[in-house]
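Protein chains: 2
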Amino acid sequence: MKFAKIPMATINRLSVYMRTLQELLEEDVEVISSERLAKQCGVNPAQIRKDLAYFGEFGVRGVGYHVADLVNQIKEILGLSRTWNLAMVGLGNIGSSLIRHGNFVKHGYIFTAAFDVDPQKVGKKLPNGLVVNHVDELEEVIRERDVHIGVIATPAGAAQSVANQLILAGINGILNFAPVQIQVPDCCHVENVDFTIKLDCIAYHLSTGV
Amino acid sequence: MKFAKIPMATINRLSVYMRTLQELLEEDVEVISSERLAKQCGVNPAQIRKDLAYFGEFGVRGVGYHVADLVNQIKEILGLSRTWNLAMVGLGNIGSSLIRHGNFVKHGYIFTAAFDVDPQKVGKKLPNGLVVNHVDELEEVIRERDVHIGVIATPAGAAQSVANQLILAGINGILNFAPVQIQVPDCCHVENVDFTIKLDCIAYHLSTGV
DNA sequence: GAACCAATGTGAATAAGGGCACAACGTTGG
DNA sequence: CCAACGTTGTGCCCTTATTCACATTGGTTC
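Going down the list, the protein sequences come from chains L and F. As numbered in this note's numbering, residues 1 to 210 make up the first sequence, in order. As numbered in this note's numbering, residues 1001 to 1210 make up the second sequence, in order.
This is the structure in C-alpha cells:
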C-alpha cells in the first residue's frame, strides 16, 4: 500500500469492478480470480491487481479475491459506505427521469432537494415525495438539507450560472448533464455526462471504420 | 496530416471543440486562436493544435482559425455532415426522456425506431410520432428503417441480450445507458454512459479531498 | 510437515499521451 | 518590397498509464 497519487482512471475502474462484483455476489459466487473478473470487466488482469494495490492487499495468493469482502473494501475506498445527498437542478425531461430512476437510491445516492425556475413546477410534489423549490432558494435549501452533490440538468445556457450558485452554497461535487464545459474553482470536482460526445464518437467510428 | 492511429481522447475533444465553436459562431466570432479556444474548453492550446494536426492544417499562421470553417472541418472529420438514424431500446424513464430530448435532432441524430417489451407500451405513439415496436421485431424493423446506431436504455439484466440482437441486426454502434459492461465483437463500437460511475468518482473526491 | 499448486503483488519494460519550445510562415505596417 | 509580428504546426522530451513476467506466498494434498 502506497500513498502515490491515484489515477482517475483507476477510480473509474474500481466503480466498474464493484458493480461486476455485486452481480457476482447475487449469483452466489464467493471467490474470483483477477483473471476471471478482468474478462468480465473487459480489462487486463494485471490492471485490476495494480488498481487494488494502490489501496492495500485484498486478495489471497493462490486463491483470488473474496467477492463480498472486496465489494466492501471498494465501497470503503470510494467513500460509498455511507449515503450522499443530491440536489437536482432542472426538472426537464432528463432531470425528472433521473429523479425517478431507482439506481441512485440503490447505490446510496438520495435526492433531498430539487430546483427549477418554471413557476408551474415550483411547489409541485415529485413522485419521490420531494417538493420542487425555486432556484432562487437554492443556497438556503441546500445548506438546510445538507446536500453534498449538485446535479445540473438544465439547458446549456443556464448551466454555468447554476454551477456558480451551487459553489456559493458550499457544494464541492457536481454532476453535469448540460452539454457545456463549466468552469469551477479547484476545490470543486465536476464530472460531465455528455451523450452527444459519445454519439459523435460512435459516428466517427462508423464513418471511418468501414 | 498523418495516418497515425488517432487517440480516442482526441475524438472526444474534437466533439467538445466543435460545440464550443458553434457557440462562438452564434456570438458572431469569426476567428479564434488556439489559446482562446483552449481556455474556453479547459485544455492546453498545444493540445488543440495537435489534435487538429492529425487531420490536416486548418489554421492560418499569425491569425488563428476561422470559426465557421473549423466547425465544418470537424463535422467532416467526425462524420457529422450527414444524419444518423437511431433506435431506442427500452422506454422506461431514461429512454422516453431521451427520445423527447431535443439535442439529438439538433446534432443530426434521429430516432427512427423505438422498442420495448411491455405490451402496454407496444403500439403506443410517442411524442415525436414514432410508434413503439416490440423487441421481438427488432431485427426486422432495424433493417427496414436503416438504423445505424442502437441506444440501450433497458434495465441492466436485459442489456446484453439486447446488444446481441442489435448486432444480429447488423448494428455496429451502440450507446449503452445500462450500468453493465456489454460484450460485443470487434466490429461493433460501444460507448457507455454511466452516471453511477461518475457519481462514485465524485464521492471518492469528496471523501478524500477534504 | 513438506512439497506442490495457483493466483497475487510488484518491479521493470513498454506504450501512450500531453506539453514545451521553437521553427515555419501568413499577415500587416512602413 | 522588406521587416516585424503573431500564431500555427511539430519535433522532442517528460510524465503517466498499461502490460509483462516473475518472485512471493497462502492454501492444499499426500
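Note that beta-carbon positions come from the ideal geometry of N, C-alpha and C, so glycine has one too.
Among F:1089, F:1076, F:1092, whose alpha-carbon lies nearest the alpha-carbon of residue 1108 of chain F? F:1076
Beta-bridge pairing of residue 1176 of chain F - partner residues as DSSP gives them: F:1152, F:1192
Just to confirm, is the Cβ distance from residue 1145 of chain F to residue 1085 of chain F under 8 Å? yes
Look at the alpha carbon of residue 79 of chain L and the alpha carbon of residue 1151 of chain F, and state the distance between them as a whole number of angstroms. 31 Å
Got a sec: is the Cβ-Cβ distance from residue 1109 of chain F to anything in chain L below 8 Å? yes
Listing by chain order, which chain L residues have their CB less than 7 Å from the CB of residue 1198 of chain F? 175, 191, 193
Any beta carbon of chain L sitting closer than 8 Å to that of residue 1093 of chain F? yes
So who's on the other strand from residue 111 of chain L, going by DSSP bridges? L:86
Flag residue 1114 of chain F as yes when its Cβ comes closer than 7 Å to any non-hydrogen atom of the ligand ADP, and as no otherwise. As for the ligand ADP, it is missing from this structure, which has no ligand bound.
At the level of alpha carbons, what is the spacing between residue 1001 of chain F and residue 1041 of chain F? Low per-residue confidence applies at residue 1001 of chain F: pLDDT is 42, beneath 50, and the placement is therefore not dependable, though the value from the model is reported in the following sentence. The straight-line gap from Cα to Cα measures roughly 23 Å.
Delimiting residues of the alpha helix (DSSP H) encompassing residue 80 of chain L: Residue 80 of chain L -> no alpha helix (DSSP H), and no H or E assigned at all.
Please go through the same chain and pick out, in chain order, the residues whose beta-carbon is closer than 6 Å to the beta-carbon of residue 1188 of chain F, but skip the five residues on each side of it. 1167, 1172
Cβ pair residue 115 of chain L, residue 89 of chain L closer than 8 Å: yes
Starting from the beta carbon of residue 85 of chain L, find every residue of chain F whose beta carbon is closer than 9 Å, and list them in chain order. Ordered by position in chain F, no residue passes the 9 Å Cβ test against residue 85 of chain L, which lies about 11 Å from the chain.
Within its chain, find whatever has a CB closer than 6 Å to the CB of residue 192 of chain L; leave out the 5 residues flanking it on each side and keep chain order. 176
For chain L, is any of its Cβ atoms less than 8 Å away from the one on residue 1206 of chain F? yes
Contact list for the region 1063-1090 of chain F against chain L, Cβ threshold 9 Å: 1077, 1078, 1079, 1080, 1082, 1084, 1086
Among residues of its own chain, excluding the 5 on either side of residue 149 of chain L, which ones have a beta-carbon nearer than 8 Å to its beta-carbon? 84, 85, 86, 87, 109, 171, 173, 174, 175
Length of the line joining the Cα atoms of residue 1119 of chain F and residue 1134 of chain F: 8 Å
Return the chain-ordered list of same chain residues with a C-beta closer than 6 Å to the C-beta of residue 13 of chain L, the five sequence neighbours on each side being excluded. 51
Between the alpha carbons of residue 123 of chain L and residue 129 of chain L, how many angstroms are there, rounded? 11 Å
Listed by chain order, chain L residues near residue 1179 of chain F by CB distance under 8 Å: 19, 103
Cutting at 8 Å between CB atoms, please list the residues of its own chain near residue 81 of chain L, excluding the five before and the five after it. 72, 75
Using a threshold of 8 Å, state whether the C-beta atoms of residue 1054 of chain F and residue 1010 of chain F are closer than that. yes
On the three-state DSSP scale, how would you describe residue 32 of chain L? strand
According to the Cβ coordinates, are residue 1206 of chain F and residue 1165 of chain F closer than 8 Å? no
Quick one: Cα of residue 1121 of chain F to Cα of residue 1196 of chain F, how far? 27 Å
State buried or exposed for residue 1156 of chain F, treating a residue as buried only when at least 16 other CB atoms are found within 10 Å of its CB. exposed
Alpha helix (DSSP H) containing residue 1047 of chain F: first to last residue? 1045-1053
Cβ of residue 148 of chain L less than 8 Å from any chain F Cβ? yes
Residues sharing a beta bridge with residue 1125 of chain F, DSSP: F:1131
What do you get for residue 212 of chain L, buried or exposed, if any count of 16 or more other CB atoms within 10 angstroms of its CB means buried? Residue numbering for chain L in the displayed model covers 1 to 210; residue 212 of chain L lies beyond these limits and cannot be assessed.
Is there a Cβ from chain F that is less than 8 Å from the Cβ of residue 53 of chain L? no
Would you mind sorting residue 1096 of chain F into buried or exposed? The rule is 16 or more other CB atoms within 10 Å of its CB. buried
Pull up the DSSP beta-bridge partners for residue 1205 of chain F, would you. DSSP, once it has assigned bridges, lists no residue as partnering residue 1205 of chain F.
Just confirm the distance between the C-beta atoms of residue 1103 of chain F and residue 179 of chain L, as a whole number of angstroms; I'd bet it's less than 8 Å. 6 Å
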